[in-house]
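I have placed the structure first, in the form of structure tokens, so that the comments after it can refer back to it.
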Amino acid sequence: MIPYIRRAAALLLVLLAALLVNAARVQLWEAAALDENPANRRVAIARYEQPRGNILVDGKPVTGSRDSGEQLRYERTYKRGPVYAPVTGYSSQTYGTTLVENAEDGILAGTDPMLAPLPFWNDISRAREPGGDAVTTIRAAVQEAAYRGLGGKRGAVAAIEPSSGRILALVSSPSYDPGVLSGTGRPVKEAWARLNGSPNQPMLNRAIRQTYPPGSTFKIVTAAAALDAGVVTDVDAATDTPEPYVLPGTRTVLPNAASGCADASLADAIRWSCNTVMAELGVRVGLDGMVEAAERFGFDDPGLRIPSGVAASNFDRDMSVDQLALSSIGQFDTTATPLQMAMVAAAVANNGEIAYPYLVERTTAGGGRTVDRTGRRSYRQAMRPGTALRLQQMMTEVVTEGTGTNAAIPGARVGGKTGTAQHGVGNAGTPYAWFIAFAQADGAPQPGVAVAVVVEDAEARRTEISGNGIAAPIAKAVMEEALRAEPQRP
Amino acid sequence: MTATTTDRPPPGVRVPKRRGVELSLLVGAVLLSVFGYMDVGLARNGAVPPDAARYGAGLGLLALVAHLAVRFRAPFADPLLLPIAVLLNGLGLVLIYRLDLETPRDQAATTQLVWSTLGVGLFIAVVVLLRDHRTLQRYAYLSMAAALALMIVPIFFPAVNGAKIWIRIGGLSFQPGEFAKILLAVFFAAYLAANRNALAYTGRRIWRLQLPTGRVLGPIVAIWLLSVGVLILERDLGTSLLFFGLFVIMLYVATGRTGWIAVGLLLAGLGAFAVGSLEPHVHSRVEDWLNPYASIEAGDGPGQLAQSLFAFAAGGMFGTGLGLGHSVLIGFAAKSDFILATAGEELGLAGLTALFLLYALLVARGYRAGLALRDPFGRLLAIGLASILALQVFVIAGGVTGLIPLTGMAMPFLAQGGSSVVTNWVIVALLIRVSDSARMPRPETVEAGTIAPLVPDAR
């Protein structure tokens, strides 16, 4: 009997070995694949097990975390949610993350390997670092001024510090409170449906994700192209432009809003926003020159990230001459995000060079140790420095004596450009009011802020819609706040 | 180890009883369980559970009383059996307590502690009252009748989760099939011990298989078929698989005919295929096993087996730590069928391997007692009881880790389930009893004449 007992024992030993090998297969070999299975709730549970790191504005968090006591434990909360939604985005247990919540998710959720003091240590210990913070470049006073200025009207504001590329304000209106999307369950789904179904599109980030025809504000690009190409050498010389101006190859007469545009100089054309002169200059620069100039400002670049992706602004590369003429005054197919137009103003203010715009100054570990810092980077040289100096002068005259007087700030040099953009089929839609500007406090070594404001005001009567009337006061308020205090250096 | 006379200590030499070893191992087992209990509290609430001392004292008291019973009534018993049982039961209580934290409406740890106490009580009763395991041989047919009766009773009670294996009286539920395991092992051991020569050497020979006469083989096959049939009727595939394996192993050990193993495997294969394809409850489990992620692909979320595999994967090598896993995702059977998934998630492959080795040690010690015994009944009983534990561990552990189709069975000592924990304590008590006989110096050197000389073993 003894040998048979031994053999039976050997059989059981084989079964034990099979169990151990199989357990090792599941727990070691297949573990990674099973951990990442989308049906495995553990990743989500672990993600929300600890409070999320915060997004900071002026050193103070505009976000928070709430212990919900549910399986997905911590939910996101927002302070002044609608004001900062175009910056923070949302962090939802149901719908994922957007904007800075998305771009810095690894840091905020505590999963970024850079948070761990020792590389790979957390892989072994399975420990999780507390969530880190994302310090933004946004300045609360500027952001609030822009939000207040829009006053719930459909529109957007983007403000940049021209020398560094720091984004000081990014506002989209009407906005929404991202906090309503934080958790799970019926209320969140209902809020999602309501926000997505609203005709006002509150979740649309108009500052970086919506493009508008830039209208007359685009004339700055055309002027820079004409000066750089040598089409205009003396900004005060007559440009030999007829009025009325018939679009080349058509019988369409291009109207002017202002009078006295016949044969006007470039400086006068900018000051009074002459369509005819700028259209003619664009045609003289030619398609290639105009495309090149527009691209130097950032048009047609789908890769711009702040760190969230910015919608590409458009300047067509293939157009007939009459289309080029319209495009040169910011109509036809030319479209731009408010951020793009703020970059145009910043290029002028910063002697032709555009600093890469960015929204996250630095990220820190839970204890405050800096993990990563965004440095100043050059984006593009949009125009020659001399051209920029001339444009600064011309834009300043727009505010002192031209179409943009509502943006004037006592004690500061302000340069601006108004715009009223037609849109819709046969220009049937209500025009958009634009204003782009830069401002330099007296005595300051360089301009402190460049801003773009767009207001889609469906309520106002068409005749009242003008960049100066509606958009310029908002730009003024934003620039005043930006110049008021020395920029905080977090 | 073998039953040759050279192993026997010469008269007058003191045989080491190793009761001190047992006691120190018991202290270790109790401490380990209490530390686990404290660990759960620290991980979950940042504080040692307020009743940790009470839990430790309770488990310690049970272990101590069991130890005293062994010390005075089975002084030569294997010193590893009791500590392993206490450790497994203690860890089971820790895991159930840990899972209780996730299910506020289903508190099972206290009930399990009551059942464990009852189990230890029965353990002590068996060790104290059963002076010689050979007494059981006399009650072979009574055991068989009782086993069949116990298995048939649940047919008259409503099914629970698809299986008719429960008796519910008041708030208590009991699985009589659990206890039938022991009775059937006793019957098999007695019958095979009495008839093994006839089984091995008489009858016709067909090819390489020695077929015993129907007169000898008939009754035992009939009993076995009856019990497996009843279990299939009750949809308790796990236990019928266990009985099948038990029968084949005991038949093989008794007769030494390899052919039985072959026939057994063939029949098992055919039976499993037939039941797996015809019986819907079992069929769905086979489907689950073949494709555990089918429900995910169908958009219905992960099934229990997929959740179990997720849990094991989450544990990795060293586990998340007690109390820090998410076994709650597994669902309603987390404390019974799937408790091993919690062990795998929170203690990792390291902890799971340790658990498997504890079971392996328990089984090996049973086999060792079987080898050292000199009477065929005792041998077969020891092998049978140890095999019950081994097969049970294999079937349930293989099921929850996706090695074999899942069958609802309880992990010995670990899982929530009163009848299971009581039955396993009785199994350990019987193993203690047979190992005491196995390691006891030859009767004539101690109590000459009180026990009849043993029949020489015919191998």
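Line by line, the protein sequences are chains A and B.
Each residue of the first sequence is one higher than the last, beginning at 219 in the working numbering.
Each residue of the second sequence is one higher than the last, beginning at 26 in the working numbering.
Every residue gets a Cβ at the ideal spot worked out from N, C-alpha and C, and that includes glycine.
Within-8 angstroms CB hit, residue i to chain A
i: B:G474; result: Reliability of the predicted coordinates at B:G474 is poor, the pLDDT of 47 falling under 50, and the value obtained from them is presented with this limitation in mind. Taking Cβ atoms only, chain A never reaches closer than 8 angstroms to B:G474, which makes this a no.
i: B:A415; result: yes
i: B:P327; result: yes
i: B:L428; result: yes
i: B:T27; result: Since pLDDT at B:T27 reaches only 44, below the 50 mark, its modelled position is unreliable, and the value read off the structure follows with that caveat. It does: the Cβ of B:T27 has a partner Cβ on chain A nearer than 8 angstroms.
i: B:P401; result: yes
i: B:I109; result: no
i: B:Y503; result: Shown here, chain B extends from 26 to 484; a query on residue 503 of chain B therefore has no answer.
i: B:V178; result: no
i: B:L161; result: no
i: B:R130; result: no
Identity of the residue in the options nearest residue i by Cα
i: A:A228; options: B:L334, B:I408 and B:L242; result: B:I408
i: B:V139; options: B:Y80, B:K206 and B:L112; result: B:Y80
i: A:G620; options: A:T581, A:P269, A:T354 and A:D486; result: A:D486
i: A:R366; options: A:S393, A:G383, A:Y313 and A:A352; result: A:S393
i: B:L258; options: B:D131, B:V178 and B:S462; result: B:V178
i: A:E322; options: A:T295, A:R270, A:P300 and A:R372; result: A:R270
i: A:Y576; options: A:T582, A:G328 and A:L317; result: A:L317
i: B:V211; options: B:L431, B:I429, B:L456 and B:V418; result: B:L456
i: A:G369; options: A:L238, A:P691, A:E408 and A:A668; result: A:P691
i: B:L334; options: A:A236, A:T312 and A:R243; result: A:R243
i: B:V111; options: B:A297, B:V446, B:A134 and B:G326; result: B:V446
i: A:A554; options: A:V360, A:A476 and A:Y650; result: A:Y650
i: B:S462; options: B:V311, B:T160, B:L383 and B:S361; result: B:T160
i: A:I385; options: A:W410, A:A359, A:R514 and A:K407; result: A:A359
i: B:V52; options: B:S444, B:P108 and B:A411; result: B:P108
i: A:T435; options: A:V353, A:P556 and A:Y296; result: A:P556
i: A:Y597; options: A:I524, A:A655, A:T312 and A:L499; result: A:I524
Minimum Cβ-Cβ distance from residue i to chain B less than 8 angstroms
i: A:N255; result: yes
i: A:Q268; result: no
i: A:Y222; result: yes
i: A:L336; result: no
i: A:A564; result: no
i: A:R707; result: Because A:R707 sits at a pLDDT of 48, beneath the cut-off of 50, its placement in the model cannot be relied upon, and the following sentence gives the value as read from the coordinates. Chain B, which has no Cβ nearer than 8 angstroms to the Cβ of A:R707, makes this no.
i: A:M613; result: no
i: A:E248; result: yes
i: A:A241; result: yes
i: A:A352; result: no
i: A:N258; result: yes
i: A:K407; result: no
Element boundaries [beta strand (DSSP E), containing residue i]
i: A:F653; result: Y650 to A659
i: A:L388; result: I385 to S391
i: A:T636; result: A630 to A639
i: B:L161; result: From DSSP, B:L161 is part of no beta strand (DSSP E); its letter is neither H nor E.
Rounded Cβ spacing between residue i and residue j (contact assumed at less than 8 angstroms)
i: A:S390; j: A:A377; result: Not really, about 13 angstroms apart at Cβ, beyond 8 angstroms.
i: A:E199; j: A:L333; result: Lying before the first or after the last residue shown, residue 199 of chain A is absent from chain A, which here runs from 219 to 708.
i: B:L354; j: B:A368; result: That belief does not hold up - the Cβ atoms of B:L354 and B:A368 are roughly 15 angstroms apart, past 8 angstroms.
i: A:I356; j: A:V275; result: 5 angstroms
i: B:A415; j: A:L233; result: 7 angstroms
i: B:L217; j: B:A170; result: Actually they are not in contact, since the Cβ atoms of B:L217 and B:A170 sit about 18 angstroms apart, beyond 8 angstroms.
i: A:G570; j: A:R602; result: 6 angstroms
i: A:I426; j: A:A529; result: 7 angstroms
i: B:Q162; j: B:A215; result: 5 angstroms
i: A:V566; j: A:A606; result: 5 angstroms
Residue i beta carbon near the ligand MG (any heavy atom closer than 7 angstroms)
i: A:K694; result: Looking for the ligand MG in the displayed structure turns up nothing, as the structure carries no ligands at all.
Per DSSP, the bridge partner or partners of residue i
i: A:I692; result: Note: A:I692 sits in no beta bridge, so no partner.
i: A:R469; result: Per DSSP, none; premise fails for A:R469.
i: A:D590; result: A:T581
i: B:P201; result: Its beta-bridge partners do not exist; DSSP assigns none.
i: A:R523; result: A:G527
i: A:T295; result: A:G282
i: A:V353; result: A:L274 and A:R580
Span of the alpha helix (DSSP H) around residue i
i: B:I364; result: I364 to A397
i: A:Q599; result: That residue, A:Q599, is in no alpha helix (DSSP H); its beta strand (DSSP E) goes S596 to Q599.
i: B:G443; result: G443 to R464
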